[in-house]
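Notes to accompany the following structure.
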Ligand code: GDP
Ligand code: MG
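Residue numbers (this note's numbering): 8 to 308.
So, in structure tokens, the structure goes:
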């Protein structure tokens, strides 16, 4: 532990439109995967804590689902969780995708922050994708909202600018003892993280509407005497036709999915993993209150 007379700690919510790189940045700062990432929007469904230490500061990040105009019940719950995360935090880190600029979703977030007189640290991400003049124009446009207390240019994927951002956030944390043990990096239970890893592989392999029609649960977690772990997971889909797609011809799709998930689980948990995936049809799981509770989302948002 650090000297309590000089230690600092606090919460920072990472908010932004879908796909701007919030989860990528969180993983980069924490140094390992705590939040899953895919090129698809709305990959993150719930609030994820990632805990990070910079010098004598403990910075507790809240990764949030993206903020967008919600349509489905699950979407509404996700957006509510995102704003809830922002409300719980000491500081807000607003992430913007340099290659997309101020799109409709980002504009709505900026307006809401302006109206509620909340300031945010703005990080322009994916600077690896654009040229300098674009960044200057974007920064100027952003200044007109009067939201930013500070600007950073980063690439969450490549790591550029991330150390400076961390140091700055660390210096903003209030003096006080650390809030989590030194070696804790997340508050996500292992079973949920394991289900999330499989969901990430599914998002990377399956396309169109299918990923959004699936949810994954870890049913059984059995530590074995030889140090390995047996994990049973159920992939829920909404229709029998979707089940056939997840299984693939001759079970090839689910086999590849299981392989990819198992590799990463072994890396994260540092032990041999025996992963068993099952596919079940559960109509309208998106309207099942139990799912929302598991994810820490508000069903009635
Ligand atoms: P989130 O929805 O805001 O959590 O975004 P994700 O972290 O899931 O990232 C969305 C996509 O953007 C993924 O394909 C990432 O690999 C990609 N991405 C994130 N950060 C960067 C970056 O700095 N540069 C580039 N080129 N791509 C990035
Ligand atoms: Mg995310």
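All residues carry an ideal CB built from backbone N, CA and C; glycine is no exception.
{"query": "Does DSSP put residue 282 in a helix, in a strand, or in coil?", "result": "strand"}
{"query": "List in chain order: all unbroken alpha helix (DSSP H) runs of 4+ residues lying wholly within the stretch 171-217.", "result": "197-212"}
{"query": "Are the CB atoms of residue 15 and residue 234 within a distance shorter than 8 Å?", "result": "no"}
{"query": "If I'm right that residue 57 touches residue 192 with Cβ under 8 Å, what's the distance once you round it to whole angstroms?", "result": "7 Å"}
{"query": "If residue 27 and residue 68 are in contact, beta carbons under 8 Å, what's the gap, nearest whole angstrom?", "result": "Rounded, the Cβ-Cβ distance is 15 Å, inconsistent with contact."}
{"query": "If you drop the 5 nearest sequence neighbours on each side, which residues of the same chain put their C-beta closer than 6 Å to that of residue 39?", "result": "none"}
{"query": "Select from 62, 72, 290, 24 the residue whose C-alpha is nearest the C-alpha of residue 103.", "result": "24"}
{"query": "Tell me whether the beta-carbon of residue 162 lies closer than 8 Å to the beta-carbon of residue 126.", "result": "no"}
{"query": "Identify every run of the beta strand (DSSP E) within the stretch 123-165, keeping only runs that are complete inside it and at least 3 residues long; order them along the chain.", "result": "127-132, 155-160"}
{"query": "Shorter than 7 Å, the distance from the beta carbon of residue 39 to the closest heavy atom of the ligand MG, or not?", "result": "no"}
{"query": "To the nearest angstrom, how far is the alpha carbon of residue 6 from that of residue 86?", "result": "Given a span of 8 to 308 for the chain in the structure shown, any question on residue 6 remains unanswerable."}
{"query": "Of all the alpha helix (DSSP H) runs that stay within the bounds of the stretch 52-120, which reach a length of 4 or more residues?", "result": "80-95"}
{"query": "Please state if the CB of residue 41 and the CB of residue 55 are separated by a distance shorter than 8 Å.", "result": "yes"}
{"query": "Measuring alpha carbon to alpha carbon, tell me which residue in 251, 71, 99, 59 is nearest residue 121.", "result": "99"}
{"query": "Who does residue 276 pair with in a DSSP beta bridge?", "result": "In DSSP, residue 276 forms no bridge with anything."}
{"query": "Excluding the five sequence neighbours on either side, which residues of its own chain have a C-beta within less than 8 Å of the C-beta of residue 30, listed in chain order?", "result": "42, 43, 44, 50, 51, 55, 70"}
{"query": "With a CB to CB cut of under 6 Å and the five nearest residues on each side skipped, what residues in its chain are close to residue 76?", "result": "none"}
{"query": "With DSSP as the reference, identify every bridge partner of residue 1, one or two as the case may be.", "result": "Since the first residue shown for the chain is 8 and the last is 308, residue 1 is missing from the structure and cannot be characterised."}
{"query": "What does DSSP give as the partner residues of residue 240 in its beta bridges?", "result": "225, 284"}
{"query": "Are residue 267 and residue 208 close, meaning C-beta to C-beta below 8 Å?", "result": "yes"}
{"query": "Confirm the yes/no value for this check: CB of residue 208, any heavy atom of the ligand MG, distance under 7 Å.", "result": "no"}
{"query": "For the pair the stretch 228-247 and the stretch 272-286, tell me if three or more CB-CB distances fall below 8 Å.", "result": "yes"}
{"query": "I need the straight-line Cα distance from residue 305 to residue 80, nearest angstrom please.", "result": "10 Å"}
{"query": "How would you write the range of the alpha helix (DSSP H) that residue 220 sits in, first residue to last?", "result": "Unbroken run through residue 220: none, as it is neither H nor E."}
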